[in-house]
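In my numbering, the protein residues as written are -7 to 439. Here is the structure we will look at, set down as structure tokens.
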Ligand code: ADP
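Rendered as structure tokens:
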């Protein structure tokens, strides 16, 4: 009979035999490329894997904000492996009629099996893969059927199926955990907004497609434009390049020129609303000082974990982050706990010292009202005692951190300024700025 998942008209856009895209078209995101490489190797030679008795990977979740290249990377993987690429959007399965959603899932997998070896890309998988069991509407139970069908199909793959399922989402946090079980989307590849280096290499890819003024040095222009576009995603950058070409055409220029790019960037930032962009710039400075505060505090406290890198490129939650090498150890000494506390306070203290942020009326404590608030296993006087002790401890750490940051204010300035410039600082950058850390980094992983 006629398929419910009527692909007769949309077939062409659904299935591409040869996208022509390669990994070189995806700039930056080297880690993500490396992770997806294993699927490519497998699709090129499944027999090698089977002969070795290896469990074949079935799928991966590509997560990250819109425009960061998830679809592009999936497509390029198909191009590299030279296999067909099938795309669908999770929202196409949202159906209120009983059985329609799951029938579509079945049809989609049947199509993929017919074209195997191939890559099936389900964009916006959150539309059909939300956590189950948190609603009482009928549409929810229909959504559950659809999701169950997806799980059944994936579990039904065997080592001869040769279909790799990739799924894109910017809401990995709301996905049903069943999707991430072994043998399903058990690999998680994150694509974040690019840092300044990443943006320069994305610009390079897109600039190559334009007719530039012959005196322009591609490398130089790419770096310059990257510096002008903090927080832009790959999609925004593609947009800038296209807009610049349109502006050049409008002015009847035979080449695209630096000023066209500058106008394009202005226009796109204008589109994102000027006011919020200005705010964003102020916010970047705050974030830079905040992260510099963490990094500098940790640098000068002996028992804090050694720093790996510090960044003001926004990720998952939060606007920046500092990353440390944890020591291989389960019980922390009192000194370690104290230094760790100071390091955590360092961000906020740095904001205060340069008078950027605002101090909070409740002092330096945050209050979590979990279960413990309703059923304390201790008496009211004990609770007060705990409060007092905690407050004393936090205050001591706060004073300690305040003194450190005040003493090292110039160093914090230095690190914050370099962060605003480079967006990501590795440990080696810190050493270049501050000299070697005054203690031995006695972590197991340390080189
Ligand atoms: P997502 O699927 O994450 O929303 P896309 O893959 O659809 O984003 O990206 C949209 C467009 O942005 C791509 O077609 C490409 O032109 C551009 N783009 C995004 N990331 C990159 C990148 N890393 N390198 C080159 N171009 C990119």
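Note that the Cβ used here is the ideal one computed from N, Cα and C, for glycine as well. Source: prediction; values computed, not measured.
- Separation of residue 137 and residue 91 (C-alpha to C-alpha, rounded to the nearest whole angstrom) is 8 Å.
- Note: residue 110 is bridge-paired with 155 in the DSSP secondary-structure output.
- By the C-beta density criterion, residue 338 is buried, having at least 16 other C-beta atoms within 10 angstroms.
- Comparing C-alpha distances from residue 392 to each of 330, 207 and 123 shows the shortest one belongs to 330.
- Distance from residue 229 to residue 20 at the Cβ level is roughly 10 Å; contact not present, criterion being Cβ atoms closer than 8 Å.
- Residue 51 carries a strand assignment under DSSP once its states are collapsed to helix, strand and coil.
- Non-local beta-carbon contacts of residue 291 in its own chain, meaning distances under 7 Å to residues more than five positions away in sequence, involve 299, 422, 426 and 429 in chain order.
- Residue 408 is positioned such that its CB atom lies closer than 8 Å to that of residue 280.
- Non-local beta-carbon contacts of residue 56 in its own chain, meaning distances under 7 Å to residues more than five positions away in sequence, involve 62, 162, 182, 183 and 184 in chain order.
- Beyond the five residues adjoining it in sequence on each side, residue 66 comes within less than 6 Å, by CB distance, of 113 and 158 in the same chain, given in chain order.
- Relative to the Cα of residue 282, the nearest Cα in the group 343, 288, 261 and 289 belongs to 343.
- Near the ligand ADP, residues with a Cβ at less than 7 Å from any of the ligand's heavy atoms are 17, 18, 19, 20, 21, 56, 58, 59, 60, 61, 62, 63, 64, 65, 115, 160, 183, 186, 194, 197, 198, 225, 226, 227, 229 and 230; the list follows chain order.
- Here the segment 139 to 153 lies against the segment 38 to 50, with 3 or more beta-carbon pairs under 8 Å apart.
- About 14 Å separates the beta carbons of residue 121 and residue 178, which is beyond the 8 Å limit, so they are not a contact pair.
- In the three-state DSSP reduction, residue 160 falls in the strand class (E or B).
- Annotation for residue 231: the continuous alpha helix (DSSP H) segment containing it runs 226 to 242.
- Taking C-beta separations shorter than 8 Å and ignoring five residues to either side along the sequence, the partners of residue 293 in its chain run 331, 334, 335 and 396, following chain order.
- Per the coordinates, the alpha-carbon of residue 210 lies some 17 Å from the alpha-carbon of residue 18.
- For the set 107, 148 and 84, the Cα lying nearest the Cα of residue 117 is the one of 84.
- At a Cβ-Cβ threshold of 8 Å, residue 232 and residue 203 do not count as neighbours.
- Rounded to the nearest whole angstrom, the CA to CA distance from residue 205 to residue 255 is 16 Å.
- Residue 97 sits close to residue 142, with the two beta carbons spaced by under 8 Å.
- About 6 Å separates the Cβ atoms of residue 188 and residue 414, confirming a contact at the 8 Å cut-off.
- DSSP places residue 193 within a helical segment (H, G or I) once states are collapsed to three.
- Partner residues in the beta bridge of residue 79, as assigned by DSSP, are 113.
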